[in-house]
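Below: one structure, written as structure tokens.
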């Protein structure tokens with residue numbers, strides 16, 4: 001009889017199982033990191049979203065949150081599929097990995113595209129937003145964002161402090177004699193915006209546009225790197241998943257056919273049960289058992305009226 005390489009196959013399968021388990025642990029942590037970056041963007045870095053004309057920045061953050069949550073669930077599912085050796089769970093795991101891969105690639109691409117378009121968008125829209133919406137009814141979010149922007153980045157106006165002269169707030173007379181908002185001042189006190197001398201207000205080359213652009217671009221690089229980085233790691237896991245799925249779904253017997261072992265078992269009285277097919281251990285010659293379904297048989301060989309070699 002031919003030999004069945006039990007030890008080699010088992011060792012390889014076990015190694016793959018533990019490799020996939022390790023990947024799943026890494027995925028769970030990566031999912032936590034991805035979701036944390038998305039939440040961080042929404043909670044701490046969204047103050048200036050009201051100043052942006054496009055919703056791409058916000059959409060990218062939401063995609064990361066969703067992708068991170070799905071990654072964490074998928075990591076748990078992958079562990080269950082690995083140790084229970086359930087092909088259906090493994091297939092679902094494979095599909096979820098593909099979905100996550102696509103989500104993170106989309107997030108990375110959006111971040112890259114928006115990174116390229118950001119300068120043009122800010123130049124076209126930020127000055128208009130600050131001039132027409134600052135301190136206007138229904139635009140409290142814009143007012144708060146502009147004040148925080150000027151104080152945090154030590155700037156005044158979209159390009160320079162002269163931009164405020166064209167704002168509706170200054171021209172309406174509601175400014176109370178101010179020529180710039182008080183948030184432009186180096187030391188903020190009530191009415192300090194009435195004097196726009198360089199010793200009193202921030203005068204930065206490029207204005208707030210340059211500062212805001214740099215801030216958002218740095219964060220977009222983080223989003224893009226996280227999204228594409230995790231997606232690349234998942235490519236390795238999908239390869240291991242495919243190998244395991246194939247290993248659990250095909251026969252691992254080399255040498256004699258299944259019916260040969262079945263006939264031998266019937267003659268020697270060593271048939272284990274209706275669900276297990278005896279096979280020969282390579283060195284000791286003893287009979288082991290293997291699920292007959294692994295051999296892709298419709299029914300066990302013992303159901304046949306005549307066994308063929």
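Residue numbers (full-length UniProt numbering): 1 to 309.
Glycine included, each C-beta is placed from N, C-alpha and C at the ideal position.
Can you tell which of the options has its C-alpha closest to the C-alpha of residue i?
{"i": "residue 149", "options": "102, 211, 112", "result": "211"}
{"i": "residue 312", "options": "120, 62, 87, 47", "result": "Because residue 312 is not part of the residues shown, which for the chain are 1 to 309, the question remains open."}
{"i": "residue 313", "options": "98, 167, 206", "result": "Nothing about residue 313 can be read from this structure; the chain reaches only from 1 to 309."}
{"i": "residue 81", "options": "20, 121, 200", "result": "20"}
{"i": "residue 75", "options": "171, 24, 188", "result": "24"}
{"i": "residue 27", "options": "92, 106, 100, 117", "result": "100"}
{"i": "residue 96", "options": "86, 134, 106, 78", "result": "78"}
{"i": "residue 184", "options": "152, 124, 42", "result": "152"}
{"i": "residue 52", "options": "87, 122, 32", "result": "122"}
{"i": "residue 170", "options": "188, 189, 136", "result": "136"}
{"i": "residue 165", "options": "230, 134, 107", "result": "134"}
{"i": "residue 224", "options": "106, 199, 189", "result": "106"}
Tell me whether residue i is buried or exposed, calling it buried when 16 or more other Cβ atoms sit within 10 Å of its Cβ.
{"i": "residue 275", "result": "Reliability fails at residue 275, whose pLDDT of 44 lies under 50, so the model's placement of it is uncertain and no value is given."}
{"i": "residue 273", "result": "With a pLDDT of 43 at residue 273, under the threshold of 50, the modelled position of that residue is not reliable, and the figure given next carries that caveat. Classification of residue 273: exposed, given that the 10 Å Cβ count is below 16."}
{"i": "residue 138", "result": "exposed"}
{"i": "residue 186", "result": "exposed"}
{"i": "residue 128", "result": "exposed"}
{"i": "residue 44", "result": "exposed"}
{"i": "residue 197", "result": "exposed"}
{"i": "residue 161", "result": "buried"}
{"i": "residue 120", "result": "exposed"}
{"i": "residue 141", "result": "exposed"}
{"i": "residue 278", "result": "Annotation note: pLDDT 44 at residue 278 (below 50); position unreliable, coordinate value reported separately. Buried, because 16 or more other Cβ atoms sit within 10 Å of the Cβ of residue 278."}
{"i": "residue 68", "result": "buried"}
{"i": "residue 176", "result": "exposed"}
{"i": "residue 15", "result": "exposed"}
If you follow the alpha helix (DSSP H) that residue i is in, where does it begin and where does it stop?
{"i": "residue 108", "result": "87-133"}
Are the Cβ atoms of residue i and residue j separated by less than 8 Å?
{"i": "residue 228", "j": "residue 104", "result": "yes"}
{"i": "residue 178", "j": "residue 191", "result": "yes"}
{"i": "residue 154", "j": "residue 204", "result": "yes"}
{"i": "residue 102", "j": "residue 59", "result": "no"}
{"i": "residue 315", "j": "residue 145", "result": "For the chain, the structure presents residues 1 to 309; residue 315 sits outside this window and is missing."}
{"i": "residue 132", "j": "residue 168", "result": "yes"}
{"i": "residue 18", "j": "residue 216", "result": "no"}
{"i": "residue 182", "j": "residue 130", "result": "no"}
{"i": "residue 64", "j": "residue 113", "result": "no"}
{"i": "residue 66", "j": "residue 226", "result": "no"}
{"i": "residue 345", "j": "residue 159", "result": "For the chain, the structure presents residues 1 to 309; residue 345 sits outside this window and is missing."}
{"i": "residue 71", "j": "residue 30", "result": "yes"}
{"i": "residue 220", "j": "residue 62", "result": "no"}
{"i": "residue 201", "j": "residue 180", "result": "yes"}
{"i": "residue 118", "j": "residue 213", "result": "yes"}
Taking CB distances under 8 Å as the criterion, tell me whether residue i reaches chain D.
{"i": "residue 28", "result": "Chain labels in this structure do not include chain D; a single protein chain is all it has."}
**Study point:** In chain order, each alpha helix (DSSP H) run of at least 4 residues that lies wholly inside the stretch 149-237
**Key:** 168-171
Review point. Which parts of the stretch 30-94 are runs of the alpha helix (DSSP H), unbroken and 4 residues or longer, counting only runs that do not cross its ends?
Key: 56-84
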